[in-house]
Amino acid sequence: MSAPLLAEFDTPEALVRAMRLAQADGHRALDAFTPFPVPALTQAFAPPRNPVRPVMALAGFGAAAAMYALQWYSSVIAYPLNVGGRPLHSWPVFLLVPFEFGVLVAAIAGLVALFWTCGLPRLHHPLFAIPQFERASQDRFLLLVASKDADATALRESLERSGALLVAEMHP
Amino acid sequence: MSGTARPHRWIDRERLGYGEICAAVADPIQRRGPGRAWIIAFLGVLPFVLATVIAIGAVLTVGIGLSGVNTTVVWGFSIANYVWWIGIGNAGTLISSMLLLTRQHWRASINRFAEAMTLFAAAIAGIFPIIHLGRPLYAYWLAPYPNTMDLWPQWRSALVWDFWAILSYLLFSLIFWFTGLLPDLATMRDRARSRIGRRFYGALALGWRGSARHWAVYESFHKAMAALAVPLVCSVHSIVGLDFAASLMPGWQESIFPPYFVVGAMYSGFAMVVVLAIFIRWGLKLQAVITPSHFDAMAKVMLFASVVMTLSYATEWFMGWYGGEHADRAVIAYFFTGDYRWLYYSLLFCNCLVPQALWFARVRLNFWALAIIAIVINLGMWLERILIVWNTLSHGHAVSLWRTYHVSVYDVVILIAPLGLFAFGFLVLARIFPIVSIHEVSQLAHDEGAARGGTA
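From first to last, the protein sequence lines stand for chains A and B.
Here the first sequence is numbered in our numbering, starting from 52 and rising by one per residue.
Here the second sequence is numbered in our numbering, starting from 7 and rising by one per residue.
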């Protein structure tokens, strides 16, 4: 098995075309690296569901419920204080803090879920060793493909025919 | 857009490649020095930063008596400044999130510094309630924690709501801003030439690779955050409004306050974004990505907010009269004929009358006119906030307690000096982080057809 090839394109459209061609030939497209999100690539590579939003919802509602419970416990059980005859369990105003707190915890949980799903922080990666990779965050669109054959020459030629500016091997 | 002189609506260049966008945003930071205008501005704001530190230090050591508050007018500049700054802070996230959710792609070039504006403004706003506490060393009593006194926070108190609103909002905005910045930090890392630059941006970028999988997760998180941000922003300023609405003082018990505060926040916030956008566009030479169409759109929002504010004031007067309560009617009459009447007339002039000039396209496209109107709006909004405090407190239920506020030197310093602190934060930020979102502008250039391939 040869090392996967990293091909560089100058438009997202060229990359998508090359990816379709390579896939039609039976090669396996592994990932794409682009300076901004490209919908076609998201469809091709990303799993249809990711855990970020369920995690945010769970954490947010959980935190809000916990905060409400804390307010109820502290003002009804632990420290009952009669303020102008208002009920100890003043539910309308007890909704404000749980909302704020729930949103905050949802945001923090979402950030953690984002990092967890993306495998970040990871300060080094084999891809960073390839010189052309630093343009994936600027003006180039990179496609990582694994050849179906032991010899990757056919894939390399196919990529170059479909407009790749540079094709390099990635070594883990 | 066809029919106009410019080739694209939101990109003011016939052709703008991805590499050029990166260079336009990143090079002023990484390749060029700060430039004379930046150094002059930086030295200019330093005295203000110093004055802020001294003024806050003074009130923390001496006490709240330095301010012009008295036993009748117990709230003063600190509260007005707090409401004003949090209002400015609200617009940043609101602009960024609301425009993201409604797919207004033009937000790409203004959202980053609008979010940064939120961060600084909310952080500055958070200082004021603490120095206004009178006993700032007990500020942590607002948080629920197990303590030997067996005490709990008073959850019915507006001060406790404020604490949670500001805390949540500040941290939320920080996360939202950092998430949007992450792909750009990777760009900065990859463009950095110096060892320090590579280390610094590399560490902050956390190893972002721009993989299609990363982008998918990034987008779902960013959109979810935007969807949360809109209700959060509205709730934060509604809670600020409730500080005034949940009271028994005449003029401070109106149910219109929460929505009216939210619109007011959007109003002053957009005005501040316009001022900053004019400076940033000129200072960082970003004419290609911050176009007259952006200013046109923002001016229309300000105009809309101005009309809503005018209606809100009229509702306030009408309800005061219609409610029939003597004290309420007396306070409304006091607005127009009392000690602060000239300030009140200035408020109406700044917030209701001047922005009507924005009905005219020529005014919306003239940067000088726009800058002046935006500053006038911010002035008017500050007057609104201080008058909400002063009018009611100076003219309460007990006639024997009627007194006016007397402005102290300290008040003036804590009003003006934090503006320098705000500018200082921006100047420093503009030298470290991309002030315009590189990846979102690249996407915009792609969608508008301005990119057409790379620079090769």
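Every residue, glycine too, gets a C-beta built ideally from N, C-alpha and C.
A quick note: this is a predicted structure, and the numbers were derived from the prediction, not measured.
query                                                                                                                                                               : result
Can you grab the Cα-Cα spacing for the pair L165 (chain B) / L148 (chain B), in whole Å?                                                                            : 8 Å
Please classify A180 (chain A) as buried or exposed, where buried requires at least 16 other C-beta atoms within 10 Å of its C-beta.                                : exposed
Mind listing the chain B neighbours of V148 (chain A)? Cutoff is C-beta to C-beta under 8 Å, in chain order.                                                        : W161, V166, W167, W170
Alpha carbon to alpha carbon, how far is S448 (chain B) from D200 (chain A)?                                                                                        : 36 Å
Using the beta-carbon of each residue, which ones in chain B are nearer than 7 Å to V154 (chain A)?                                                                 : S174, F178, L234, L238
With a threshold of 8 Å between beta carbons, is S188 (chain A) in contact with chain B?                                                                            : yes
What is the DSSP secondary structure of W33 (chain B), reduced to helix, strand or coil?                                                                            : In the sequence as displayed, the identity of residue 33 (chain B) is Asp instead of Trp. Looking at D33 (chain B) - three-state DSSP - the assignment turns out to be helix.
Looking at the C-beta of C356 (chain B), does it have a partner C-beta in chain A at a distance below 8 Å?                                                          : no
Assuming D82 (chain A) is part of the alpha helix (DSSP H), what are its boundary residues?                                                                         : That residue, D82 (chain A), is in no alpha helix (DSSP H); its beta strand (DSSP E) goes 79-84.
Bridge partners for V218 (chain A) per DSSP, in chain order?                                                                                                        : A:A58
Would you mind giving the Cβ-Cβ distance between T213 (chain A) and R79 (chain A), rounded to the nearest angstrom? I have them listed as a contact below 8 Å.      : In the sequence on display, residue 213 (chain A) carries Ser and not Thr. The Cβ separation is near 16 Å, so there is no contact.
Pull up the DSSP beta-bridge partners for A197 (chain A), would you.                                                                                                : A:R79
Tell me F373 (chain B)'s beta-bridge partners as DSSP assigns them.                                                                                                 : F373 (chain B) is not bridged to any residue.
Return the chain-ordered ranges of every alpha helix (DSSP H) run that is complete within the stretch 75-151 of chain B and spans a minimum of 4 residues.          : 83-107, 117-138
I'd like the span of the alpha helix (DSSP H) that includes H243 (chain B), first residue to last.                                                                  : 218-251
Is M104 (chain B) close to chain E? Criterion is C-beta to C-beta, closer than 8 Å.                                                                                 : Absent from the structure is chain E; the protein chains it does hold are A and B.
On the CB-based measure, 16 or more other CB atoms within 10 Å of its CB, does M7 (chain B) come out buried or exposed?                                             : Confidence at M7 (chain B) is low in this model, with a pLDDT of 37, below 50, so its placement is unreliable and no value can be given for it.
Relative to the alpha-carbon of N153 (chain B), which residue among A:G111, A:L210, A:A129 has its alpha-carbon at the smallest distance?                           : A:A129
Starting from I159 (chain A), find everything on chain B with Cβ-Cβ shorter than 8 Å and list it in chain order.                                                    : L177, I181
Just to make sure I have the definition right: I need the residues of chain B whose C-beta is within less than 8 Å of the C-beta of Q122 (chain A). Which are they? : W161
CB-CB under 6 Å to L188 (chain B), same chain, minus the five flanking residues each way: which ones, in chain order?                                               : W214
So if I threshold CB-CB distances at 7 Å, which residues from the stretch 99-111 of chain A count as touching chain B?                                              : N101, V103, R104, M107
Would you decide whether L210 (chain B) is buried or exposed? Buried here means 16 or more other CB atoms lie within 10 Å of its CB.                                : buried
Please check the pair H228 (chain B) and G186 (chain B), which I expect to be a contact at CB under 8 Å, by giving their CB distance rounded to whole angstroms.    : 7 Å
G69 (chain B) and V413 (chain B): beta carbons closer than 8 Å?                                                                                                     : no
Decide yes or no for the touch test of the stretch 36-51 of chain B against the stretch 92-103 of chain B: beta carbon pairs closer than 8 Å, at least 3 of them.   : no
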